[in-house]
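Visitor:
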Amino acid sequence: MDIKRLRILREFADRGSVGAVALAMHMTPSAVSQQLKVLSREVGVEVTEPAGRNIRLTDAGRALVLRADAIIAAVDHADDEMRAYRGGSSPVRLASFPSGAALLLPKVLTSARADDVTVIASELDVGYADAPKALADNHIVVTHRDERAPSVSDARLAVTELTREPIDVVVARDSPLAQRDTVEVGDLADFNWISVEGGFPVDDVLLSVAAVTGVQPRVTQRLLNFDTIEAIVAADGGIALMPRYVIRHPGVKPLTLKGVRAARVYEALTRPDPSASVRRVLGYLLDAV
Numbered sequence: 001m002d003i004k005r006l007r008i009l010r011e012f013a014d015r016g017s018v019g020a021v022a023l024a025m026h027m028t029p030s031a032v033s034q035q036l037k038v039l040s041r042e043v044g045v046e047v048t049e050p051a052g053r054n055i056r057l058t059d060a061g062r063a064l065v066l067r068a069d070a071i072i073a074a075v076d077h078a079d080d081e082m083r084a085y086r087g088g089s090s091p092v093r094l095a096s097f098p099s100g101a102a103l104l105l106p107k108v109l110t111s112a113r114a115d116d117v118t119v120i121a122s123e124l125d126v127g128y129a130d131a132p133k134a135l136a137d138n139h140i141v142v143t144h145r146d147e148r149a150p151s152v153s154d155a156r157l158a159v160t161e162l163t164r165e166p167i168d169v170v171v172a173r174d175s176p177l178a179q180r181d182t183v184e185v186g187d188l189a190d191f192n193w194i195s196v197e198g199g200f201p202v203d204d205v206l207l208s209v210a211a212v213t214g215v216q217p218r219v220t221q222r223l224l225n226f227d228t229i230e231a232i233v234a235a236d237g238g239i240a241l242m243p244r245y246v247i248r249h250p251g252v253k254p255l256t257l258k259g260v261r262a263a264r265v266y267e268a269l270t271r272p273d274p275s276a277s278v279r280r281v282l283g284y285l286l287d288a289v
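Residue 1 is where the sequence shown starts when you use UniProt numbering, and the numbers rise one by one after that.
(1) In terms of residue numbering, what span does the alpha helix (DSSP H) encompassing P217 cover?
(2) What number of angstroms, rounded off, separates the C-alpha of residue 299 from the C-alpha of D146?
(3) Should G100 go down as buried or exposed, given a rule of 16 or more other Cβ atoms within 10 Å for buried?
(4) Look up R113 in the DSSP assignment and say whether it is helix, strand or coil.
(5) Within 10 angstroms of its Cβ, does Y128 collect 16 or more other Cβ (buried), or is it exposed?
(6) Using the rule of at least 16 other Cβ atoms within 10 Å of the residue's Cβ for burial, across every protein chain shown, is D168 buried or exposed?
(7) For D125, which residues in the same chain have their Cβ closer than 7 Å to its Cβ, ignoring the five residues on either side in sequence?
(8) For the ligand ADP, any of its heavy atoms closer than 7 Å to the Cβ of V170?
(9) If I measure Cβ to Cβ from R164 and keep anything under 7 Å in the same chain, skipping five residues before and after, which residues do I get?
(10) Buried or exposed for D115, going by 16 or more other Cβ atoms inside 10 Å?
(11) Given this structure, state the Cα-to-Cα distance separating D203 from R244, to the nearest angstrom.
(12) Taking all protein chains shown into account, decide if M242 is buried (16 or more other Cβ within 10 angstroms of its Cβ) or exposed.
(13) How big is the Cα-Cα spacing for D181 and G251?
(14) Applying the criterion that 16 or more other CB atoms from any shown protein chain within 10 Å of the CB defines a buried residue, is G214 buried or exposed?
(15) What is the rounded straight-line gap between the Cα of P254 and the Cα of L57?
(16) For the 8 Å Cβ check, are there 3 or more pairs between the region 132–140 and the region 86–95?
(17) Which of the three DSSP states is assigned to P176 in this structure?
(18) Quick one: what's got a C-beta closer than 6 Å to I229's C-beta in the same chain, skipping five residues either side?
(19) First and last residue of the beta strand (DSSP E) that includes V45?
(20) Starting from K133, follow its DSSP beta bridges and name the residues at the other end.
(21) Would residue 306 be called buried (16 or more neighbouring beta carbons within 10 Å of its own) or exposed?
(22) What are the boundary residues of the beta strand (DSSP E) that includes L224?
(23) Are V18 and I55 touching if we call contact CB-CB under 8 Å?
(24) Compute the distance between the beta-carbons of P217 and V209, then report whether it is under 8 Å.
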């Protein structure tokens, strides 16, 4: 089996379409399709099958992808070792949700520079369910989930839990609620809420508030930038749920929420057998935490 064709198979498993693989690997769609057909001949069984106007992996194809992951990892390990002998290391692509990047990335990059490890960082603002897809383009994906939600389970990825971050209620400093340090969920039914988009951990906690109180929170705005949310709350535009470590605005007061479990869990997603360089960057993330 040719290693390049195994990489194409893995890209197809990650990206889901011939066109997406062609774009990622700088090939034509017809060339991608041809290489998958050649791979089928090499292994003696079809690895893809028609699915309407597209194709999908067969059972044999899905089984081969797991082996391809291991084979490609072994080749990448060898390449990483040879780079070390030449006095360098493979760049590590790290994607993180924005508030997690703000918290962890400065320390990670400082550690990487000290060890002469190249980290190519980017932000990834997607829900937890979509985060594993980003491993098609990154070695490490730092994501977050509601602490009550199960961790992703997939034979093609490994999960490293980084930390748990409480989620607090933030209110304006001149709000009557600001006289408290804690607040019960039942006391919040009549307030306007500023929340994030659905599918993110903060909004999951808001759903729990609804379940406990029996009252659907009155969400007046949905935004993804916590700085913006804080500014609106400070201007008495409503109350919000925010992760504790990103609260910075002097015009808001954080309150510990009583009555529901309110926290998000940071996770680092990788392939199951990451290279030495990737493991080092995982270590930097844990040190930063």
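Where is the CB? At the ideal position from N, CA and C, for every residue including glycine.
Guide: On the basis of the data shown:
(1) Within the sequence shown, numbered from 1, the residue matching residue 217 stands at position 217. Unbroken run through P217: none, as it is neither H nor E.
(2) Outside the displayed span of the chain (1 to 289) sits residue 299, for which this structure offers no information.
(3) In the sequence shown, residue 100 corresponds to position 100, counting from 1. Classification of G100: buried, given that the 10 Å Cβ count is 16 or more.
(4) For the purposes of this step, residue 113 is taken as residue 113 along the sequence shown, with counting starting at 1. If DSSP states are grouped into helix, strand and coil, R113 belongs with the helices.
(5) Here residue 128 corresponds to residue number 128 of the sequence shown, with the count starting at 1. Per the 10 Å Cβ criterion, buried.
(6) The count along the sequence shown starts at 1 and reaches residue 168 at position 168. Looking at its Cβ environment, which holds 16 or more other Cβ atoms inside 10 Å, D168 is buried.
(7) Along the sequence shown, one-based indexing puts residue 125 at 125. Within the same chain, D125 has close Cβ partners F97, P98 and L224.
(8) Absent from the structure shown: the ligand ADP. Ligands present: none.
(9) Here residue 164 refers to the residue found at position 164 when the sequence shown is read from its first residue. Taken in chain order, the residues that qualify are E147, A263 and V265.
(10) In the sequence shown, counting from the first residue as 1, residue 115 sits at position 115. So D115 ends up on the exposed side.
(11) The residue given as residue 203 occupies position 203 in the sequence shown. The residue given as residue 244 occupies position 244 in the sequence shown. Whole-angstrom Cα-Cα distance: 15 Å.
(12) What you label residue 242 is simply residue 242 of the sequence shown in a count that begins at 1. In the assembly as shown, M242 is a buried residue. Its beta-carbon has 16 or more other beta-carbons within 10 Å.
(13) As a position in the sequence shown, residue 181 is number 181, starting the count at 1. As a position in the sequence shown, residue 251 is number 251, starting the count at 1. Inter-residue distance for D181 and G251 is about 15 Å (C-alpha atoms, whole angstroms).
(14) Along the sequence shown, read from residue 1 onward, the residue named residue 214 stands at position 214. The residue is exposed, with fewer than 16 neighbouring Cβ atoms inside 10 Å.
(15) The count along the sequence shown starts at 1 and reaches residue 254 at position 254. The count along the sequence shown starts at 1 and reaches residue 57 at position 57. Cα to Cα, P254 sits roughly 49 Å from L57.
(16) yes
(17) Here residue 176 refers to the residue found at position 176 when the sequence shown is read from its first residue. Reduced to three states, the DSSP call for P176 is helix.
(18) Taking the first residue of the sequence shown as 1, we reach residue 229 at position 229. Closer than 6 Å at Cβ, skipping near neighbours: I194, L223 and A240.
(19) To locate residue 45, count along the sequence shown from 1; it is residue 45. Where V45 is concerned, there is no enclosing beta strand (DSSP E), given that its DSSP letter is neither H nor E.
(20) The residue labelled residue 133 in the question sits at position 133 within the sequence shown. Beta-bridge annotation (DSSP): K133 is not paired with any residue.
(21) Residue 306 is absent from the structure shown; the chain starts at 1 and stops at 289.
(22) Within the sequence shown, numbered from 1, the residue matching residue 224 stands at position 224. Unbroken run through L224: none, as it is neither H nor E.
(23) Here residue 18 refers to the residue found at position 18 when the sequence shown is read from its first residue. Here residue 55 refers to the residue found at position 55 when the sequence shown is read from its first residue. Result yes, Cβ atoms of V18 and I55 sit closer than 8 Å.
(24) For the purposes of this step, residue 217 is taken as the residue at position 217 of the sequence shown. For the purposes of this step, residue 209 is taken as the residue at position 209 of the sequence shown. Against a cut-off of 8 Å, the Cβ pair of V209 and P217 comes out as a contact.
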